[in-house]
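Asker: Residue numbers (my numbering), protein chains in the order written: chain A, 78 to 575; chain B, 14 to 173.
Below you will find the structure I want to go over with you.
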């Protein structure tokens, strides 16, 4: 057996490179001194002592850092736009409304290294000329909120934020604002409305927040992970950061690797690493010896990738080219037992609930798409429904107001393109190849395995199962409602569903 | 008895009124106030919404509009032990729907309902950010990870 001498030699860590997560799990997040001991607030001091606001912006531009919330807009450019605007008040907002179901990068950074975000926001404030910072965080993250509150109080006590930060005559303070559970509030205009105490409905852009944001003032909104990269860029230089990654996507990206892989958890990898390396080297392959089927990136706005895409180097452009997107960093791996129609339906159900209802294509379109997908999983769809779905997807994509609606059809379109046979099997053969859609399954008893324990008979809600104790049981098809209850209680693998 | 309940209720309204009075700024404070109100009353019935509207001098329709928009706010009371089950993508893939159906069957209630004795209620969540432990159930702030169908009974028994 190989002896692992250091953490970085473990297969899980070997291919990772930690910049945004550099302190997570290393320092005590509730102790500001530990953060300082790991070069914390050194970037802020460097900025105050050696760099003009324009030089800071230039550094961030040179580094090539792009928005980690999913959009991928160049961060330095965003800062430059907000900086160019003349105004008595400007705001720096940290978007910590991590609504993508299946992703927890921001939560981990806020819980593991809250000061890195506070330091970066202060640097941003100095660069664009803002004196007020706000962190918009989900109320579902109580521990992250607690640690942020503590970190803000400590940073204020140490004089890193507040009046006359670091004794440099610059005022900057941070306040926490709470979300209340709405996915669309991750969109920056909706987030700003929500911070103003309104319904979180997006507004038309332009005007962009850099021109008219929070309370109509110039506002710069960045995601938690984007901010967490800033101190390292200042300390190590833009070139150091720009040397990592691919041509157009620099640095690293944090992914939450979840689903059917052996090693699940948060990973940070250099841009340009392949999906294969992430799933097989870091993730340790598919759990339970099953076969890989697909990996979903980009959350409800992204798409599914197949085995053919595994050698794709991960960056913003490449993921778009193969039909998905970077997104905020959710990476869900699926195996052969997952049904792609059912999965697309899952996302659509999510989007139906989370659509804010302001614009018709998104509000009505997502609902109709969900109904059509449900029809397929029930085995009640006809081939022409596929055409209707495609047309509807195009309409929703082209005519929705904000990013949520414009990308809502992606999970459907990508699965329809990459798994068209699976859709057809549901419609023409009335079969779910993955064995997930229970309405399309036929339940029967494997005579070789059945011990006659009567468990299934007792569990069956419609008395469709007959058989005496210690005798092989039988399922009467006309009574079976395909509820899966017998399959779940059987301890002998004696229920076959096909 | 009635007097006693009334007094207790009055104290809760007083607490909310104090919170509102102490706000540094009322502009844009509606969501913070509703968070506070829900933590005091446990839910946001019509009367509480009317009270908030009166205190902040805004129309009740606006308060209702915000309450109804956000998933975190609820107009129905929860059980003494609110059980939340995550239906995020990772939990979905790992079989959260099976766990939910078991939960519904054992408690004989649907999502958003409370057991007749007022003890348990079931809610669904969209990702608590513990995807590595999927599927998860949350009771108060305690997270139960890698929950399987067979574990549900045991978890409920812990709280009975």
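We put the beta carbon where it would ideally sit given N, CA and C, even for glycine.
1) Would DSSP call residue 408(A) helix, strand or coil?
2) Let me know the secondary structure DSSP gives residue 454(A) once reduced to three states.
3) Can you tell me which of the three DSSP states residue 169(B) falls into?
4) Which chain A residues sit within Cβ distance under 7 Å of residue 57(B)?
5) Count the other CB atoms, across all protein chains shown, that sit within 10 Å of the CB of residue 156(A); report buried if there are 16 or more and exposed otherwise.
6) For residue 331(A), which beta-bridge partners are listed by DSSP?
7) Would you say residue 257(A) reaches chain B, if we count a Cβ-Cβ gap shorter than 8 Å as a contact?
8) For the stretch 78-110 of chain A, which residues have a beta carbon sitting closer than 7 Å to at least one beta carbon of chain B?
9) I'd like to know whether the C-beta of residue 409(A) is nearer than 8 Å to at least one C-beta of chain B.
10) If you draw a straight line from the alpha carbon of residue 221(A) to that of residue 117(B), how long is it in whole angstroms?
11) Would you call the stretch 132-148 of chain B and the stretch 330-337 of chain A in contact, with 3 or more CB pairs under 8 Å?
12) For residue 270(A), is the classification buried or exposed, using 16 other Cβ atoms within 10 angstroms of its Cβ as the cut-off for buried?
13) Between the stretch 252-268 of chain A and the stretch 54-62 of chain B, do three or more beta carbon pairs fall short of 8 Å?
14) At a CB-CB cut-off below 7 Å, which residues of chain A make contact with residue 45(B)?
15) Between residue 121(A) and residue 200(A), which are expected to be in contact by the criterion C-beta below 8 Å, what is the C-beta distance as a whole number of angstroms?
16) Within 8 Å (strictly less), CB to CB, does residue 346(A) reach chain B?
17) Which word fits residue 34(A), buried or exposed, when buried means at least 16 other C-beta atoms lie within 10 angstroms of its C-beta?
18) Mind checking if residue 369(A) is an interface residue toward chain B, Cβ cutoff 8 Å exclusive?
19) In the DSSP assignment, what are the bridge partners of residue 104(A)?
20) Which value, in whole angstroms, describes the spacing of the CA atoms of residue 139(A) and residue 285(A)?
21) Should residue 141(A) and residue 319(A) be called a contact, given that it needs their Cβ atoms to be closer than 8 Å?
22) Could you give the distance in angstroms between the alpha-carbon of residue 174(A) and the alpha-carbon of residue 546(A)?
23) How long is the line joining the alpha carbons of residue 541(A) and residue 146(A), rounded to whole angstroms?
24) Using a Cβ cut-off of 7 Å, pull out every chain B residue sitting near residue 263(A), in sequence order please.
25) Taking only beta-carbon atoms, is residue 96(B) less than 8 Å away from chain A?
26) Does residue 394(A) come within less than 8 Å of chain B when only Cβ atoms are used?
27) Around the Cβ of residue 15(B), are there at least 16 other Cβ atoms within 10 angstroms (buried) or fewer (exposed)?
28) Got a sec? Which residues, its chain only, sit under 6 Å from residue 209(A) by beta carbon, not counting five neighbours each side?
29) According to a CB-to-CB cut-off of less than 7 Å, which residues of the stretch 54-84 of chain B neighbour chain A?
30) CA-CA distance, residue 411(A) and residue 366(A)?
31) If you compare alpha carbons, which of 391(A), 484(A), 466(A) is closest to residue 474(A)?
32) Name the one or two DSSP bridge partners that residue 336(A) has.
33) Quick one: is residue 269(A) near chain B, going by C-beta distance under 8 Å?
34) Less than 8 Å between the CB atoms is what I'm expecting for residue 88(A) and residue 361(A), so what's the real figure, rounded?
35) Using only the alpha-carbon positions, how far apart do residue 172(A) and residue 515(A) sit?
36) Helix, strand or coil for residue 250(A)? Go by DSSP, reduced to three states.
Answerer: This is what the structure holds:
1) Indexing the first chain from 1 puts residue 408(A) at position 331. In the three-state reduction of the DSSP assignment, residue 408(A) falls in the strand class, which pools E and B.
2) Here residue 454(A) refers to the residue found at position 377 when the first chain is read from its first residue. DSSP places residue 454(A) in helix when its eight states are reduced to three.
3) Position 156 of the second chain, counted from the start, is the residue given in the question as residue 169(B). The answer is helix: DSSP assigns residue 169(B) an H, G or I state.
4) Locating residue 57(B) in the second chain gives position 44, counting from the first residue. Going along chain A, no residue has its Cβ under 7 Å from residue 57(B), so there is no contact; the nearest lies around 11 Å.
5) The residue given as residue 156(A) occupies position 79 in the first chain. So residue 156(A) ends up on the buried side.
6) The residue labelled residue 331(A) in the question sits at position 254 within the first chain. Within the DSSP bridge table, the entry for residue 331(A) names 345(A) as partners.
7) As a working mapping, residue 257(A) is identified with position 180 in the first chain. Yes, contact with chain B.
8) When CB distances to chain B are screened at a threshold of 7 Å, not a single residue of the stretch 78-110 of chain A falls below it.
9) As a working note, residue 409(A) is residue 332 in the first chain. Contact with chain B is found for residue 409(A), since one of that chain's Cβ atoms lies less than 8 Å from the residue's Cβ.
10) For the purposes of this step, residue 221(A) is taken as the residue at position 144 of the first chain. For the purposes of this step, residue 117(B) is taken as the residue at position 104 of the second chain. Roughly 31 Å between the two C-alpha positions.
11) Taking a cut-off of 8 Å for Cβ pairs, the stretch 132-148 of chain B and the stretch 330-337 of chain A touch, as three or more such pairs fall below it.
12) Counting from one through the first chain, the residue named residue 270(A) turns up at place 193. Under this definition residue 270(A) is a buried residue.
13) Contact between the stretch 252-268 of chain A and the stretch 54-62 of chain B is absent: fewer than 3 CB-CB pairs across the two stretches fall below 8 Å.
14) Stepping through the second chain from its first residue, residue 45(B) is reached at position 32. Neighbourhood of residue 45(B) in chain A, by CB distance below 7 Å: 255, in chain order.
15) Within the first chain, the letter at position 44 stands for residue 121(A). Within the first chain, the letter at position 123 stands for residue 200(A). Right, the Cβ-Cβ distance comes to about 6 Å (below 8 Å), so this counts as a contact.
16) Against the first chain, residue 346(A) aligns to sequence position 269. With 8 Å as the cut-off, residue 346(A) does not count as an interface residue toward chain B.
17) The question about residue 34(A) has no answer here: the residues shown for chain A are numbered 78 through 575.
18) Here residue 369(A) refers to the residue found at position 292 of the first chain. It does not: the Cβ of residue 369(A) has no partner Cβ on chain B nearer than 8 Å.
19) Start at 1 with the first residue of the first chain, and residue 104(A) comes out as number 27. DSSP output for residue 104(A) lists no bridge partner at all.
20) Against the first chain, residue 139(A) aligns to sequence position 62. Against the first chain, residue 285(A) aligns to sequence position 208. Straight-line Cα distance between these residues: approximately 23 Å.
21) Along the first chain, read from residue 1 onward, the residue named residue 141(A) stands at position 64. Along the first chain, read from residue 1 onward, the residue named residue 319(A) stands at position 242. Going by C-beta atoms, residue 141(A) is nearer than 8 Å to residue 319(A).
22) For this step, residue 174(A) is matched to residue 97 along the first chain. For this step, residue 546(A) is matched to residue 469 along the first chain. Using only the alpha carbons, I get a separation of about 56 Å.
23) Mapped onto the first chain, residue 541(A) falls at position 464. Mapped onto the first chain, residue 146(A) falls at position 69. Rounded to whole angstroms, the separation of the alpha carbons of residue 146(A) and residue 541(A) is 51 Å.
24) Along the first chain, one-based indexing puts residue 263(A) at 186. The contacting residues do not exist; residue 263(A) stays about 12 Å from chain B at best.
25) Taking the first residue of the second chain as position 1, residue 96(B) is located at position 83. Chain A contact via Cβ: absent.
26) By 1-based counting over the first chain, the position of residue 394(A) is 317. At least 8 Å separates the CB of residue 394(A) from every CB of chain B.
27) In the second chain, counting from the first residue as 1, residue 15(B) sits at position 2. With a pLDDT of only 48 at residue 15(B), under the threshold of 50, the placement of this residue in the model should not be trusted; the figure read from the coordinates follows. For residue 15(B), the number of other beta carbons within 10 angstroms of its own is below 16, and it is reported as exposed.
28) For the purposes of this step, residue 209(A) is taken as the residue at position 132 of the first chain. Same-chain partners within the cutoff: 168.
29) Across the stretch 54-84 of chain B, CB contacts with chain A closer than 7 Å involve 78, 79, 82, 83, 84, in sequence order along the chain.
30) Position 334 of the first chain, counting from 1, holds the residue named residue 411(A). Position 289 of the first chain, counting from 1, holds the residue named residue 366(A). Distance between the alpha carbons of residue 411(A) and residue 366(A): 12 Å.
31) Counting from one through the first chain, the residue named residue 474(A) turns up at place 397. The closest CA to that of residue 474(A), considering only 391(A), 484(A), 466(A), is found on 484(A).
32) Counted from its first residue, the first chain places residue 336(A) at position 259. DSSP lists 410(A) as partners of residue 336(A).
33) Looking up residue 269(A) in the first chain gives position 192. Under the 8 Å criterion on CB atoms, residue 269(A) is classed as non-interfacial with respect to chain B.
34) As a working mapping, residue 88(A) is identified with position 11 in the first chain. As a working mapping, residue 361(A) is identified with position 284 in the first chain. Your pair residue 88(A) and residue 361(A) checks out as a contact, with CB atoms roughly 7 Å apart and the cut at 8 Å.
35) Numbered from its first residue, the first chain carries residue 172(A) at position 95. Numbered from its first residue, the first chain carries residue 515(A) at position 438. Taking the CA atoms as reference points, residue 172(A) sits about 40 Å from residue 515(A).
36) Start at 1 with the first residue of the first chain, and residue 250(A) comes out as number 173. In the structure shown, residue 250(A) sits in a strand (DSSP, three-state: E or B).
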